[in-house]
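Asks:
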Amino acid sequence: MSDDERITIIAETFEAAALEFHRRKLASQGFRMAGPISTQRFELMRGAERELLFDGQPMFAVTFSKED
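Per this note's numbering, residue -17 is the first one in the sequence shown, and the count goes up by one each step.
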């Protein structure tokens, strides 16, 4: 599986994360949910430095993968 065969959508609401799948017509491109929509906090590591993304607020995230 190449990197472009997985897409993670991050949104402020559950509904926005779910609707983006339909809006972008990902099903017709062969994508399926790889797991549940869940709230997560995001951090970006730059070497030893950690940066909180989205001001440390939990966001809804869902990952879709392309079926083989």
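From the three backbone atoms N, C-alpha and C, an ideal C-beta is built for every residue, glycine too. Just so we're clear, the structure is a prediction, and the values are computed from it rather than from any experiment.
1. Based on DSSP bridge pairs, tell me the residues matched to residue -9.
2. If distances are taken between C-alpha atoms only, which option among -3, 31, 12 and 4 comes closest to residue -13?
3. Roughly how many whole angstroms lie between the Cα atoms of residue -17 and residue 38?
4. Might you give, ordered along the chain, the residues of its own chain that have their beta carbon closer than 6 Å to the beta carbon of residue 41, omitting 5 neighbours on each side?
5. With residue 14 and residue 47 assumed to form a contact (beta carbons below 8 Å), what rounded beta-carbon distance in angstroms separates them?
6. With 16 as the cutoff for other CB atoms within 10 Å, does residue 51 come out buried or exposed?
7. Who are the Cβ neighbours of residue 17 in its own chain at under 8 Å, not counting the five residues just before and after it?
Replies: Short version:
1. According to DSSP, which records beta bridges pairwise, residue -9 is partnered with 44.
2. Taking residue -13 as reference, the option from -3, 31, 12 and 4 with the minimal CA-CA separation is 12.
3. Only weak support exists for where residue -17 lies, its pLDDT of 46 falling under 50; the value from the coordinates is given anyway. Going by the C-alpha atoms only, they are around 31 Å apart.
4. Answer for residue 41: -8, listed in chain order.
5. Indeed they touch by this definition, with Cβ atoms about 7 Å apart.
6. Since the displayed the chain opens at -17 and closes at 50, residue 51 lies outside it and no answer follows.
7. Cβ within range, chain order: 44 and 45.
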